[in-house]
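What follows is a short report on a single structure.
Protein chains: 2
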Amino acid sequence: MTVKEPAAPESTFAATLAALRDALGDDAVRVGDAIGERPMTDWTRHGPTRPAALLLPRTTEQVARALMICNDARQPVVPQGGMTGLAGGSIPRAGDIALSLDRLAGVEEIDSAAATITLRAGTTLQTAQEAAAQAGFELALDLGARGSCQIGGNLATNAGGNRVIQSGTARDQVLGLEVVLANGAVLSSLNKMVKNNTGYDLKHWFIGSEGTLGVITRAVLKLQPQRASRHTALVALNGYEQAVALLRRLSTRFGNDIGAFEIMWPDFFDFGVKLTGTRSPFAEPHPLYALIEHASFDADDDGARFSNALTDALDESAIRDAVIAQSIADTRALWAIRECTAEFPVKLDPINFDVSLPIGEIGAFVDRCRVALDRAWPGNESYFFGHIGDSNLHVTVDGRSVPGVDHHDVYALVYDMLAPLRGSVSAEHGIGLLKREFLPVSRSAEELAAMRAIKHALDPNGILNPGKLF
Amino acid sequence: MTVKEPAAPESTFAATLAALRDALGDDAVRVGDAIGERPMTDWTRHGPTRPAALLLPRTTEQVARALMICNDARQPVVPQGGMTGLAGGSIPRAGDIALSLDRLAGVEEIDSAAATITLRAGTTLQTAQEAAAQAGFELALDLGARGSCQIGGNLATNAGGNRVIQSGTARDQVLGLEVVLANGAVLSSLNKMVKNNTGYDLKHWFIGSEGTLGVITRAVLKLQPQRASRHTALVALNGYEQAVALLRRLSTRFGNDIGAFEIMWPDFFDFGVKLTGTRSPFAEPHPLYALIEHASFDADDDGARFSNALTDALDESAIRDAVIAQSIADTRALWAIRECTAEFPVKLDPINFDVSLPIGEIGAFVDRCRVALDRAWPGNESYFFGHIGDSNLHVTVDGRSVPGVDHHDVYALVYDMLAPLRGSVSAEHGIGLLKREFLPVSRSAEELAAMRAIKHALDPNGILNPGKLF
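For the record, the sequence lines run as chains B and Y. Per UniProt numbering, residue 1 is the first one in the first sequence, and the count goes up by one each step. Per UniProt numbering, residue 1 is the first one in the second sequence, and the count goes up by one each step.
Structure follows, in structure tokens:
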């Protein structure tokens, strides 16, 4: 069943396919047109490249057998989830075999005593969220792609999303993980315990490794109680320092009941108001805006404490103004401004940045970045906004406002400014295919050498997602 | 400065020492009586063994030079912090060189905007806590050894302690880490950002690796706001299922404002009452007791919501009785019963277990464990208690009640019962020297093979803490 003798490339591949069909069944090994469009690219639309074959295993054991065969044949494998990535981490190269987790899907168990959910990797995030809600819990992980993205991909990329300030990233939700290594060995560490200090905590090697160290097949995630009341406010601020002070002030008063702290610079805010066809709730413009959510476990919380905290801040000149949503419609209208980014791919030719910086340095970075962009490309239209509580800044430069400029030059300008601040070129989207060139901005030569040593130890033949991350 | 030629053992060691003195200075390299007692054992008092030499580097660079020299000479090194470990992970073997982090100590920075503290590894936990408090924050990590244990050791062992139910283990506090590898390479990943997805998250390889993969030299830890009000209750329950239901009920109402949920079985509770010379606050005995803390960020919280929640539970027969501390003295008296364990080493010959199990399985495990202990050694005196919210159960068998019995047999009996439940032989203390034999109870052959592969990749000569963990 395994191919051990070296052979001419074509006959080797044919033998590999035959062995895979033998192991997985004919219907789980597709080639040519039968592969379809979906495995060819992710949400970046880069590539698109048809893989040499598509595998659709149904069990962990089938994943293990498939990898064993590919490893023996030195056949590169690109693991694929919901194909919603934004860094090209799951786009095949010509000749790669795509390993889809689509069929290895479903909720295996909800343990109400332990407050855990055990999921197969191909389960969509939304399915997992709904199962958790039905059992009276909440899965803290949430992101825009919830209907398509899969748990395996969420963990392989350490997805961020909407609730990081409150509950951390995908990594922070994981208690146990099952992973298949390149050689087919199954590491089934489906731990449900909060405390477990028995040797190296294997799950952390694989979370965020973008499919280069192993294929995630199952996971045990933490569940938390459902938050019972939510209140939203839009706050006007006189600048970035005031924003940081407000974040600390509210955190001190409410701990992690502060569930969102989204900062919008005026360019972004005005553009968002225009795009959504609404009006600013403030009579005059302000230097900075914060969209803040307070979410409490207390079902009787009427929002008075949150609104009092903002009134106190106003009385002490710690903010310039505030609007508190009084209805669901109000809340939606405020969030619509922030979520105008959904229209960016349609209304702009977006050159996107997803960087992170120490929270205190983001304001000065934005100022310097704007000056540098204006000096390089006068008339550029750029929008600054971010999840400040997560140290995450987004910048979108409209490519249409810098005609003839190579996008690569825009990337280089921003990332070069990030390097001396020890900033990260990828806060939440990963490195994948598209940011490999810029990884050394955020990682030292020693760190990269250590990563390569680990990669070699776990995947000596380099079959897992080659060409990604490094 | 490095020793590359193979030589007779003694002359090799002399040359290594000479190179170390050259690199670190004479006062940082001690041998013989100058080593003193402290580096010879930890709080288990096992060993004690005098190391061949004691190194006292002052900087990360000196740690790097020392490891480079020892690596070239194939000289085993045991990293040492505050020597408060409970698994023998820092006890030298004859011939080991001890590398103390004592002099690489101090708070480097508190970043109030990012809410982070940057610490050198040799800083005691208490020093770090006090620095955080002075800046108006709280360091979530807390454990009994706070005055002696060091941050480097806390992270190398992924320490647990008193606030895990609320804020997680030591690992969960870490944003950035600086580590020196066996070959002297410095991985300086002193990240302050919540989100950073740029390749493998190196810090997690080293946290909990018990000094076998690298020497931690500095760390960036998260800070959180100080909780402003605390309320404590002792609750009487009719059994373990009721305890789990109460934990879920209170979590749903208060989220992670529940700061302790300590379960005591009657044997433990009665013994604690006797040891502390107090009286039970309840008129009659009960099948199970829970000590519960509610800690809120709201300075105006008078405890009414917490006490109402317990009253509701009583009205609905979800608990048997409850006593709420009305004063600091009340609170101390309730905690004294739980903390009678501090007297165990004096009053008992304790055979201690620090295991973890899925929360829902702990009650049945305790019942079965008691039956098995009674069958094997009638008349044994054993005490069951645990941090149930953390899935952590402690069992202490009094060695005096099983005279002539090899402690190893007691370990084997309990751990053998744990294996089929996928329990952990070490919830929070680590494996070190003393639990190596039982590591396969909690880890599969595939997991152990993967751990060894990583160990070999990062420390090919096996100089870092050999004889520990594996």
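C-beta atoms are modelled at their ideal positions from N, C-alpha and C, and glycine is treated no differently. These figures come from a predicted structure and were not determined experimentally.
Legend entry - Short Cβ contact (8 Å threshold) for residue 351 (chain Y) with residue 278 (chain Y): no
Inset, instruction - Check whether the Cβ of residue 248 (chain B) lies closer than 8 Å to any Cβ atom in chain Y. - result: yes
Inset, instruction - Have a look at residue 85 (chain B) and residue 42 (chain B) and give me their C-alpha separation to the nearest angstrom. - result: 6 Å
Legend entry - Interfacial residues, the segment 404 to 437 of chain Y to chain B, with Cβ spacing under 9 Å: 422, 423, 424, 425, 426, 427, 428, 429, 430, 431, 435
Inset, instruction - List the residues of chain Y whose Cβ lies closer than 7 Å to the Cβ of residue 274 (chain B), in chain order. - result: Result: empty, since nearest Cβ-Cβ is about 29 Å, beyond 7 Å.
Legend entry - Test item: CB-CB of residue 237 (chain Y) and residue 281 (chain Y) under 8 Å: no
Inset, instruction - Just the C-alpha distance for residue 462 (chain B) and residue 181 (chain B), rounded to the nearest angstrom, thanks. - result: 11 Å
Legend entry - Exposure of residue 456 (chain Y), with buried meaning 16 or more beta-carbon neighbours within 10 Å: exposed
Legend entry - Presumed contact (8 Å Cβ cut-off) between residue 158 (chain Y) and residue 216 (chain Y), rounded CB distance: About 11 Å separates the two Cβ atoms, so there is no contact after all.
Legend entry - Near-chain B residues of the segment 211 to 240 of chain Y - C-beta to any C-beta below 7 Å: 225
Legend entry - Beta-carbon proximity check, residue 141 (chain Y) vs residue 119 (chain Y), cutoff 8 Å: no
Inset, instruction - With a threshold of 16 other CB atoms inside 10 Å of the CB of residue 328 (chain Y), please say whether the residue is buried or exposed. - result: exposed
Legend entry - Cut-off 8 Å between Cβ atoms - residues of its own chain near residue 197 (chain Y), not counting five sequence neighbours on either side: none
Legend entry - Residues from the segment 67 to 91 of chain B in contact with chain Y, defined by Cβ distance under 9 Å: 87
Inset, instruction - Please list, in chain order, all residues of the same chain as residue 260 (chain Y) whose beta carbon is under 6 Å from its beta carbon, the five residues on each side excluded. - result: 293
Legend entry - Interface residues of chain Y facing residue 186 (chain B) [CB-CB closer than 9 Å]: 444, 446
Inset, instruction - Tell me whether residue 450 (chain B) is buried or exposed, calling it buried when 16 or more other Cβ atoms sit within 10 Å of its Cβ. - result: buried
Legend entry - Chain-order list of residues whose beta-carbon lies under 6 Å from that of residue 13 (chain B) (same chain, five-residue window excluded): none
Inset, instruction - May I ask which residues mark the beginning and end of the alpha helix (DSSP H) holding residue 324 (chain Y)? - result: Counting along the chain, residue 324 (chain Y) falls outside any alpha helix (DSSP H), though it belongs to the beta strand (DSSP E) covering 321 to 324.
Legend entry - Separation of residue 402 (chain B) from residue 377 (chain B), as counted between CA atoms: 7 Å
Legend entry - Per-residue DSSP class, three states only, for residue 127 (chain Y): helix
Legend entry - 8 Å Cβ cutoff, residue 139 (chain B) in contact with chain Y: no
Inset, instruction - Can you give me the start and stop residues for the beta strand (DSSP E) that residue 40 (chain B) sits inside? - result: That residue, residue 40 (chain B), is in no beta strand (DSSP E); it is neither H nor E in DSSP.
Inset, instruction - List the DSSP bridge partners of residue 392 (chain Y). - result: Y:356, Y:387
Inset, instruction - Tell me, please, whether the segment 63 to 78 of chain Y touches the segment 99 to 109 of chain Y by the rule of three or more beta-carbon pairs shorter than 8 Å. - result: yes
Legend entry - Contact set between the segment 248 to 263 of chain B and chain C, restricted to residues whose Cβ is under 9 Å from the partner: The structure shown contains no chain C; its protein chains are B and Y.
Legend entry - residue 217 (chain B), enclosing alpha helix (DSSP H) - first and last residue: Looking at the DSSP string, residue 217 (chain B) is not in any alpha helix (DSSP H); the run it does join, the beta strand (DSSP E), is 215 to 222.
Legend entry - Continuous beta strand (DSSP E) assignments of at least 3 residues falling wholly in the segment 272 to 349 of chain Y: 288 to 296, 321 to 324
Inset, instruction - Confirm, please, whether the CB-CB distance from residue 218 (chain Y) to residue 543 (chain Y) is below 8 Å. - result: For chain Y, the structure presents residues 1 to 470; residue 543 (chain Y) sits outside this window and is missing.
Inset, instruction - Report yes or no: do the segment 68 to 88 of chain B and the segment 27 to 37 of chain B share at least 3 C-beta pairs separated by less than 8 Å? - result: no
Legend entry - Cα-Cα separation between residue 253 (chain B) and residue 298 (chain Y), rounded to whole angstroms: 6 Å
Inset, instruction - Note down the Cα distance separating residue 21 (chain B) from residue 29 (chain B), rounded to an integer number of angstroms. - result: 6 Å
Inset, instruction - Give the single residue among B:428, B:420, B:349, B:363 whose Cα lies nearest to the Cα of residue 410 (chain B). - result: B:349
Inset, instruction - Answer yes if the segment 264 to 279 of chain Y comes into contact with the segment 219 to 229 of chain Y, meaning at least three C-beta pairs across the two stretches below 8 Å, and no otherwise. - result: no
Legend entry - Contact set between the segment 87 to 118 of chain B and chain Y, restricted to residues whose Cβ is under 9 Å from the partner: 87, 111, 112, 113, 114, 115, 116
Inset, instruction - Provide the residue(s) that pair with residue 231 (chain Y) in DSSP beta bridges, ordered along the chain. - result: Y:294
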